[in-house]
Ligand code: HOZ
């Protein structure tokens, strides 16, 4: 595959941008080689600057659930831009978006928009602490809630990919109130509550962790988290930045029938523009400034272009049978990948939930970070590059989830599966 233009751009990028990228996992360090540069994306495909066309399962890391450059989103952005790109004054689209989120996610009675998932999680934690008047929070090993200081502890995604789940530059005192537990482990969470009576403000969790690959909550685990937080006067915070509006129209909480106190969103609700949001019980949300003492703000929060794009995305998702189509495509991919691995005699755990997936090269089931770490990452690298040569783009790290969009056709998935079968035979 010719990548001459990408190589030139990367060499230039390295001179002016740390590592040549604006977010670390894009740099290909976990898989070796160099990233390619894209100048166009449409539907399920991206085109790099050398003219190569790839089937894309990164989907801009989750937002592109309707495929890239969906015509309704593009025209909503264009129409909104004609009226101005940012006001810093309330605009009607913010109200429409807030109503829509509250309707789709019943646990959310009030919602505040932010500019990223990082901001949403950071603010939800501050709010939980302000509400409970307690400092300690529990997070899970390998879960990633953005790059706010107190949450960069045993974090997933790029932090894990590069072996720095606890980032340099975060004073130990900033994370002394963050307690980490293994996911899917009931006893560990019970022990933390027992050892920290009346001190835990809340648990923050990705209900389906998607930043160390993808693994699912064991039956009853999310219910257990709901019960133990409620019993101890702590809040349950669902980080649905990835799963929100993806695993069902009401997110993972709808799929698993759990009602968290607070939820964090991002990705899909921006239709591909920068966005985040956090919301939940009105009595908690009303503690935010200007009503209450918990401060939170943002110049571009509720940006009209992001609102217009997100509203278009959410409306399209609701009214087009999108979720059934996503499940069908996901089933086709899962069945095909499992068959391909079996026929090649390669041990692979193909985890999937709705339209999110991850293949791990191990013979043991993967249900937490320790299991995920058993995957043969050398094999993943070869698999990744083999697929890239076949014009299939997976996330360039074992510790990221894949995303299917409504734009992925049965033919795209067929091509992916036969490419995978071919590559797996060589591993
Ligand atoms: N944190 C994102 C994946 N979990 C990566 C975003 C990006 O690199 O664009």
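Numbering (this note's numbering), first residue to last: 199 to 625. Beta carbons: idealized from backbone N, C-alpha and C, even for Gly. Note that the coordinates shown come from a computational prediction; the quantities given were computed from them, not determined experimentally.
Would residue i pass as a contact of residue j if the rule is Cβ separation under 7 Å?
i: residue 456; j: residue 424; result: yes
i: residue 498; j: residue 602; result: no
i: residue 621; j: residue 585; result: yes
i: residue 352; j: residue 333; result: no
i: residue 462; j: residue 318; result: yes
i: residue 641; j: residue 381; result: Examination of residue 641 is not possible in this model, given that the chain is present from 199 through 625 alone.
i: residue 411; j: residue 300; result: no
i: residue 365; j: residue 350; result: yes
i: residue 450; j: residue 417; result: no
i: residue 582; j: residue 229; result: yes
i: residue 508; j: residue 468; result: yes
i: residue 344; j: residue 315; result: yes
i: residue 292; j: residue 505; result: yes
i: residue 611; j: residue 527; result: yes
i: residue 328; j: residue 489; result: no
i: residue 200; j: residue 248; result: yes
i: residue 271; j: residue 511; result: yes
i: residue 577; j: residue 625; result: yes
i: residue 378; j: residue 422; result: no
i: residue 435; j: residue 322; result: yes
i: residue 535; j: residue 517; result: no
i: residue 419; j: residue 564; result: no
i: residue 359; j: residue 595; result: yes
i: residue 253; j: residue 242; result: yes
i: residue 261; j: residue 466; result: yes
i: residue 311; j: residue 346; result: no
i: residue 533; j: residue 623; result: no
i: residue 559; j: residue 571; result: no
i: residue 303; j: residue 500; result: no
i: residue 354; j: residue 409; result: yes
i: residue 470; j: residue 439; result: no
Looking at residue i and the ligand HOZ, is the gap between the Cβ and the nearest heavy atom below 6 Å?
i: residue 223; result: yes
i: residue 200; result: no
i: residue 550; result: no
i: residue 245; result: no
i: residue 355; result: yes
i: residue 289; result: no
i: residue 409; result: yes
Report the partner residues of residue i according to the DSSP bridge assignment.
i: residue 547; result: 558
i: residue 239; result: 244
i: residue 434; result: 401
i: residue 310; result: 476
i: residue 378; result: 337
i: residue 266; result: 241
i: residue 492; result: 486
i: residue 252; result: 244
i: residue 591; result: 254
i: residue 626; result: No answer is possible for residue 626: it lies beyond the span of the chain, which begins at 199 and ends at 625.
For residue i and residue j, which I take to be in contact (beta-carbon distance under 8 Å), what is that distance rounded to the nearest angstrom?
i: residue 245; j: residue 256; result: In fact, because the Cβ distance is near 14 Å, the residues do not count as touching under 8 Å.
i: residue 430; j: residue 398; result: 6 Å
i: residue 618; j: residue 538; result: 5 Å
i: residue 480; j: residue 307; result: 4 Å
i: residue 445; j: residue 400; result: Residue 445 to residue 400, Cβ: 22 Å. No contact.
i: residue 265; j: residue 605; result: 2 Å
i: residue 502; j: residue 296; result: The Cβ separation is near 14 Å, so there is no contact.
i: residue 376; j: residue 337; result: 6 Å
i: residue 216; j: residue 226; result: Going by Cβ atoms, the distance from residue 216 to residue 226 rounds to 15 Å, so no, they are not a contact pair.
i: residue 454; j: residue 415; result: 7 Å
i: residue 554; j: residue 496; result: Between residue 496 and residue 554 the Cβ distance is about 28 Å, and since that is not below 8 Å, they are no contact.
i: residue 325; j: residue 460; result: 7 Å
i: residue 458; j: residue 305; result: 6 Å
### Message
As an exercise, report each continuous alpha helix (DSSP H) stretch of at least 4 residues that is fully enclosed by the region 444–479, in chain order.
### Response
DSSP assignment within the region 444–479 yields the following whole alpha helix (DSSP H) runs of 4 residues or more, N-terminal first: 449–453.
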